[in-house]
Every structure is written in C-alpha cells, then in structure tokens.
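To start, the structure itself, in structure tokens.
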Amino acid sequence: MRYLYYKATKKYGEGLLDRRSCLMILLAEAKLSNRVAVVPKFQLGSQHNNGKPLESYLIDEYISLEKIDVDYILEEDFLDIEKTIDSKNVLIIQDQPFDYSTSETLVVRSLKTDNFWSLKKTYDAFSLAKLYHGVGVKFVIPLVSAPNHIKTIGDQILDSLERPVVGVHLRRGDRLNKKLNDSMNEETMLRKLSRFDYNSVFYCTNDRNYKINDARFHSSNKFKTLLGDIKDNYLLFAIEMYIVDNCDFSVRTFNDSSPFFNIENQDNKNYSICNYSMHGSNNSFSKIPKELVTCNYEDYNKDKRKSFVKARPFFPRLINAVIRKIKR
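For what it's worth, numbering that gives the first Met the number 0 labels the leading residue of the sequence shown as 0, then goes sequentially.
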C-alpha cells in the first residue's frame, strides 16, 4: 500500500462546507496518485455551532463517499502503520507537485495550515476535487453524498410536506448587506417565489429571528419530533441542505451555491436570490435582480478556472481594505 498524508501544523476552525472542500482536495490527489488518503480530523468552528467547536473526520458523520472511489484510512488508524515505514520510503514535500508514479511508500505534504485549497500548484487535483465537492467551486451535482442517517430524517420531513415543494436556503451572515437583506424580506420573497406552482416551502437560515408568516412556509422548527434534540448545528445544517436539494425547486442565496449533496434529479431546478458569489468581496457593488436568478449546471468536463475559488477583482478588494482601515 502507498499513502498520501497531509500534515498541517495549524488547524483552522471553519464551517462544514469549507472543511469538506479541503478533504475533497486530499481525496482527489490520493485518487490521481493511486494512494490511500490519510484523512486528518478537521476542526469545525464554534462560530457556526453556538460557541462550541467540534472535531470530526467528516466521513460518515456529515458526508458519505459511496460515489467517490478513493481508498482512505483515518489518521488515528494510520499512526501505528506510519511507525513501521522506513524513512527511506518517505517523501516529504510542501505545496509543490510531485511525480504521481514515485515509488515511496508514504508521501507527506508538510503544510503550515489545513486550508488545503491554498495548494494552487496542484491544478489536476483541484479539477477533480471540484467534481467531488461542487458547491462554490463548480456548479455541478457533486459526487459527495449524504450519509444514511441524514437521508432518513430528510426524507421523512420531505414526505410530510405537500408537493410541489420549494426549498429555500437564506444565508444571512458574513455576506449580508442592505441590498441582500432587503431582497429577503417577506414581501419580496413571496413575490419572487410566485413564479412557481407550489403548495409548501421548506426554508432554512442561520438567522434565528428570520420568519415568513405564511402557512405554506415551514422551517426545521416544525419538525422537532423528527429531528430530536440536535445539539450539533453542523448536523442540522447538513439535514437542511439535503432537504433543499431534494425539493421540486431549490432556491439558494448565491449564484454559485449548487446542490450540497449528490442528487438523482438532474433537471435544472436551481435558482438564487441574487447574482452574488459566495466568495465575493465586491458584492456590495452589484445590483440584485428583481426576480430569481436561474442557475444552470456547468459542463462537467470543462474547467473555467485553475484556482479552487474565483479570483476576486483587485480594485473592490483595495477599496474594502481602505474602508476597513478608516473605520478602525
């Protein structure tokens, strides 16, 4: 067996989507180099979990790899194996590409942080990782799937909603500005969704105070009997994303927010509230369309960009930096 091990000096506590994208990069490079991926534990930030950080391998807890044909071993199970490998059979590198046919038993990427998407020189791995991950890096149905316990709860909630159902995810956090906030008010949302013939709406948001007072609109608060006492906000988020993915119509906040999990329905049924990117630092410079934005799937076999996220225009970033400095 040959192994690929990403060893990071520092772990960042970020959101589930961010940590998942980093795992997909490791898995993609392991696949391309025909190696077993040594999967590290990731830290899920406290800022998205009511002040409580979590550590997780992600696999089987929040995601399933049933459609991703990559061999892997958890870091804790690899430690004893690592001790048996002769140092002559270990190749230690940093962020540079390596010969995927190299004979060493173990290739270790010695990295400063576990923000693996900063490995910009591993372009081939990025291209494959985008297909695994999807959301925010390539608008496709991702290969990463929902584990059975998420599917079970999600399907029970979906079965209790009267079809057709619109799934809505409103991200009201770090990218929220006045224009985006106004585009999510109750009157505007009802008008925008009037294009659909629907009987119910499942909506989810990180804003506990947000509510739409319409009998057809339901949040996870209605399904506490099915959800139980979930204290892990990341698990609740994953369940909500599964539900939104599998509604008859899916409406998300940003135009690069594609399905979170692999879905069977390959129809173009995706829309966004605005024409902003989830990565955009210049969103405040863009007008928000009065109607929902139709989001079409990208060509699965073509890659529009080499980096893992879209490059941000220089001048808007410069202006924002100056504004932040003035406010200090």
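Virtual Cβ for every residue (Gly too), placed ideally from N, Cα, C.
On the DSSP letters alone, give me the boundaries of the alpha helix (DSSP H) that ALA36 sits inside. Looking at the DSSP string, ALA36 is not in any alpha helix (DSSP H); the run it does join, the beta strand (DSSP E), is 35-38.
Do VAL250 and LEU189 have their C-beta atoms within less than 8 Å of each other? no
Taking C-beta to C-beta, are SER144 and PHE41 nearer than 8 Å? no
Check whether the stretch 190-199 touches the stretch 28-45, taking contact to mean three or more Cβ pairs, one atom from each stretch, closer than 8 Å. no
Enclosing beta strand (DSSP E) for LYS111 [first to last residue]: 105-112
If you check the beta carbons only, do ARG162 and TYR209 fall under 8 Å apart? no
Environment of ASP255 [buried if 16+ CB atoms lie within 10 Å]: buried
Per DSSP, which residues does LEU225 bridge with? Please list them. Beta-bridge pairing links LEU225 to no other residue.
How is GLU263 classed by DSSP in three states: helix, strand or coil? coil
Mind checking whether THR293 and CYS273 have CB atoms under 8 Å apart? no
Can you check whether the CB of PRO141 is closer than 8 Å to the CB of HIS148? no
Taking one C-beta from the stretch 117-127 and one from the stretch 16-29 each time, how about it: are there three or more such pairs within less than 8 Å? yes
Once you ignore the five residues that flank HIS168 on each side, which residues in its own chain have a CB closer than 6 Å to its CB? CYS203, VAL243 and ARG251
Which runs of the alpha helix (DSSP H), 4 residues or longer, sit entirely within the stretch 223-258? 223-226 and 232-244
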